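One structure below.
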Amino acid sequence: MTIQRFHPTPRLCDMVIHNDTVYLAGQIVDDGSTTVEAQTRDVLRQIDALLAEAGTSKSNILTATVYLADIATFPEMNAAWDAWVDPANPPARATVEAKLADPSILVEIVVVAAR
């Protein structure tokens, strides 16, 4: 059994690969001073970069969970998501409201993808 861990810290890894499945930790922005739409675009950029590092892409995302600090911002998040997602290969997705660890963070996205 081979497990690859990427960008480990004492608490977590940004990405783990096992049996050609790519698991991303919740991705958040570094700068929480922007809008939900801008934060979502930045998080999706980070997801693209991690998936590329794993040798895959958004077309292979199996599932995504989107955590929003305020579900009222759902349309803003969707504006960024809809511009990004591969319309021929959309993943299963859930979006929930959640109290996030830092009040300036408005969106966090967790992804599982095939390689």
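Position one of the sequence shown corresponds to residue -19 (our numbering), numbered consecutively onward. All residues carry an ideal CB built from backbone N, CA and C; glycine is no exception. Quantities reported herein were computed from a predicted structural model and do not represent experimental measurements.
With respect to the beta strand (DSSP E) encompassing Pro55, which residues constitute its N-terminal and C-terminal limits? Element bounds for Pro55: not the beta strand (DSSP E) but the alpha helix (DSSP H), 54 to 64.
In whole angstroms, what is the alpha-carbon distance linking Asp66 and Pro(-10)? 34 Å
Could you work out which residue in Gly12, Gln(-16), Ala18 is closest to Ala63 when comparing CA atoms only? Ala18
Is it buried or exposed, Ala81, if we count other Cβ atoms within 10 angstroms and call 16 or more buried? exposed
Going by DSSP, which residues form a beta bridge with Leu4? Met(-5)
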